[in-house]
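For the protein sequence lines, the chains are A, B, C, D, E and F, in the order given. Position one of the first sequence corresponds to residue 1 (my numbering), numbered consecutively onward. Position one of the second sequence corresponds to residue 101 (my numbering), numbered consecutively onward. Position one of the third sequence corresponds to residue 201 (my numbering), numbered consecutively onward. Position one of the fourth sequence corresponds to residue 301 (my numbering), numbered consecutively onward. Position one of the fifth sequence corresponds to residue 401 (my numbering), numbered consecutively onward. Position one of the sixth sequence corresponds to residue 501 (my numbering), numbered consecutively onward. Yeah, the Cβ is synthetic: ideal placement off N, Cα and C, and Gly gets one too. Here is the structure we will look at, set down as structure tokens.
There are 6 protein chains.
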Amino acid sequence: MEPTEIWLETLITNTPQEGRELAIKMARKSISAIQTDPEIRKKLRPQYANDTAQLIASSQVIATEFQTVASANNYWKK
Amino acid sequence: MEPTEIWLETLITNTPQEGRELAIKMARKSISAIQTDPEIRKKLRPQYANDTAQLIASSQVIATEFQTVASANNYWKK
Amino acid sequence: MEPTEIWLETLITNTPQEGRELAIKMARKSISAIQTDPEIRKKLRPQYANDTAQLIASSQVIATEFQTVASANNYWKK
Amino acid sequence: MEPTEIWLETLITNTPQEGRELAIKMARKSISAIQTDPEIRKKLRPQYANDTAQLIASSQVIATEFQTVASANNYWKK
Amino acid sequence: MEPTEIWLETLITNTPQEGRELAIKMARKSISAIQTDPEIRKKLRPQYANDTAQLIASSQVIATEFQTVASANNYWKK
Amino acid sequence: MEPTEIWLETLITNTPQEGRELAIKMARKSISAIQTDPEIRKKLRPQYANDTAQLIASSQVIATEFQTVASANNYWKK
């Protein structure tokens, strides 16, 4: 069940933009960890990409992951 | 999949009001990152703008993003 | 899309009660930022004011906004 | 729209148990702030008190409010 | 409405595992605070224990309560 | 009701990746704590693994648990 691929080496990113991309990646990797079959994930994609309620729920996950990433990076303050 | 446009240069804003606008932008950019087709997004818009449950869920995303922005700005305390 | 009205000058309030009122205002302003037509908002109001699931979801947004306001005010500790 | 009754004088409580009761009160007061008619609230009550999904959603609001109360009280550490 | 039973003496636990059990207890006590009739709660139980969406929502409540408990215990760091 | 198995010895992990795996485990253990019958859990699995709304909700739980784990590990900063 545990993914053998190492995809999260660090929470530190160079910029807020990269932190945002990491947050999106984290959200996606959670889906893959639960639904491990890539073929099924592919078939499921239209379900949520065209359903605003699910798009909003996905945005909520990204917002939550980004809180963690932003805090880890001390909000990219110099 | 990753957006090439750099839209998040910094989490720092001059005022709480601008922080609020950034939080709304962050919420919107998450939707665009998942549903990348602007034509489809346009068609989906009435779905959520007239559905109070989805408006409330969107407000939840904004509230979560704003937590991050407000914390990054130390709540705009002088 | 961005509201031109400045409604969020500060997160600082005199009392917890006023902080609560600000949190409610923040939640409401998010709705207005997405559904910008006041006439439509008025028509939508009965949808959520009589639906307990939506009342609860609205309370969740207020609770989240209040976390930010309370933290900004250091929980109104003297 | 704003309640004139002052119900939130302080976030400080003597014990975690009292903090829990405050969190429940905060959740309830949010509902009252949106649905201001006590008669309608009374009629709505069976809707959520017998619907587990809504009971769980209410618990989520209480958990979120309690995070704020617990933090304000420094987790009641001596 | 307020429970007279004192069930939350402290947020401090000896171990993360006990913290987890406290978080589950907190989530359950919220349900009891809203639906105060134990007979009705008993009848409602199959509704959510066999509905994955509600099981997931319950897990969300536990995760949120555990954030509070873990923070109160400084993550059980020595 | 309380699990006798000790599965959460510590929140500390060596790497962010291991922290992520712990967050997923925490989310799963919550489900088991509520639906204690492994046979029923097995039967329920297809319900959520093929329903994008539930996959997204599960990701939200993981994101929330990971906030706690990441904070406990001070974001794995050296």
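*For my contact list, Ala153(B) and Gln254(C) are in at a C-beta cut-off of 8 Å; report their separation, rounded to the angstrom.*
6 Å
*Which of the three DSSP states, helix, strand or coil, is assigned to Arg342(D)?*
It is Lys, not Arg, that sits at residue 342(D) in the sequence shown. Reduced to three states, the DSSP call for Lys342(D) is helix.
*CB of Val361(D) to nearest heavy atom of the ligand MN: below 7 Å?*
Among the components of this structure there are no ligands whatsoever, and the ligand MN is therefore not found.
*To which residues of the same chain is Ala372(D) closer than 6 Å at the C-beta, ignoring the five residues directly before and after it?*
Taken in chain order, the residues that qualify are Leu311.
*Taking the alpha carbon of Tyr475(E) as the point to measure from, which residue in Glu405(E), Ile406(E), Arg420(E), Leu408(E) has its own alpha carbon closest?*
Arg420(E)
*asked:* Using the Cβ count rule (16 or more neighbours within 10 Å means buried), how would you classify Pro216(C)?
replied: Pro216(C) comes out buried.
*Would you identify the three-state DSSP class for Gln235(C), choosing helix, strand or coil?*
coil
*asked:* So that I know if they touch, is there some Cβ in chain E lying closer than 8 Å to that of Ala370(D)?
replied: yes
*What's the C-alpha gap between Glu65(A) and Thr364(D)?*
Whole-angstrom Cα-Cα distance: 17 Å.
*Would you say Tyr448(E) faces chain D, with C-beta separation under 8 Å as the test?*
yes
*Exposed or buried, what is Ile331(D) when buried is set at 16 or more other beta-carbons lying within 10 Å of its beta-carbon?*
buried
_Test: Leu211(C) CB closer than 8 Å to a CB of chain B_ = Yes, Leu211(C) counts as interfacial toward chain B.
_Cβ-based burial, Ile6(A) [other Cβ within 10 Å; buried from 16]_ = exposed
*Considering only the beta carbon of each residue, do Ala527(F) and Ile556(F) sit closer than 8 Å?*
Result no, Cβ atoms of Ala527(F) and Ile556(F) do not sit closer than 8 Å.
*In its own chain, which residues sit with a C-beta less than 7 Å from the C-beta of Lys229(C), not counting the 5 before and 5 after it?*
Trp207
*Taking a Cβ distance cut-off of 8 Å, strictly less, list which residues of the segment 321-333 of chain D are near chain C, in chain order.*
Across the segment 321-333 of chain D, CB contacts with chain C closer than 8 Å involve Met326, Ala327, Lys329, Ser330, Ile331, Ala333, in sequence order along the chain.
*Rounded to the nearest angstrom, how far is the Cβ of Ala249(C) from that of Ile334(D), given a contact under 8 Å?*
6 Å
_Quick check on the DSSP output: the alpha helix (DSSP H) that includes Leu555(F) runs from which residue to which?_
Note, Leu555(F): alpha helix (DSSP H), 552-572.
*To the nearest whole angstrom, what separates the beta carbons of Gln160(B) and Gln60(A), a pair I think is in contact under 8 Å?*
Sure, about 6 Å apart at Cβ, within 8 Å.
*Report all residues from its chain with a CB closer than 8 Å to the CB of Arg241(C); omit the five preceding and five following residues, and keep chain order.*
Ile231, Ser232, Gln235
*How long is the line joining the alpha carbons of Lys77(A) and Lys578(F), rounded to whole angstroms?*
The alpha-carbon atoms of Lys77(A) and Lys578(F) are separated by roughly 18 Å.
*Output yes if chain B places a C-beta closer than 8 Å to the C-beta of Thr264(C); else output no.*
yes
*Proximity to Asn414(E) [Cα-Cα], best of Asn514(F), Glu509(F), Asp551(F)*: Glu509(F)
*chain D contact residues for Gln467(E), given Cβ-Cβ distances below 7 Å*: Gln367
*asked:* Is Leu455(E) close to chain F? Criterion is C-beta to C-beta, closer than 8 Å.
replied: yes
*Through-space distance from Ser458(E) to Lys525(F), alpha-carbon basis*: If I take the Cα positions, the gap works out to 15 Å.
*So which residues of chain C does Trp107(B) contact, with C-beta pairs closer than 8 Å?*
Simply none; closest approach about 14 Å.
*Going by C-alpha distance, which of Asp251(C), Glu218(C), Ala270(C), Arg245(C) is nearest Lys343(D)?*
In terms of CA proximity to Lys343(D), Asp251(C) leads the group Asp251(C), Glu218(C), Ala270(C), Arg245(C).
*What in chain A is Cβ-close to Gln135(B), meaning under 7 Å?*
Ala49, Leu55
*Kindly list the residues whose CB is nearer than 8 Å to the CB of Ala270(C), restricted to its own chain and excluding five residues on each side of it in sequence; keep chain order.*
Pro216, Gly219, Trp276
*Residues near Arg445(E) in its chain [Cβ-Cβ closer than 6 Å; skip 5 each side]*: none
*Interface residues of chain B around Pro38(A) at Cβ under 9 Å?*
Neighbours of Pro38(A) on chain B: none; closest Cβ ~15 Å, over 9 Å.
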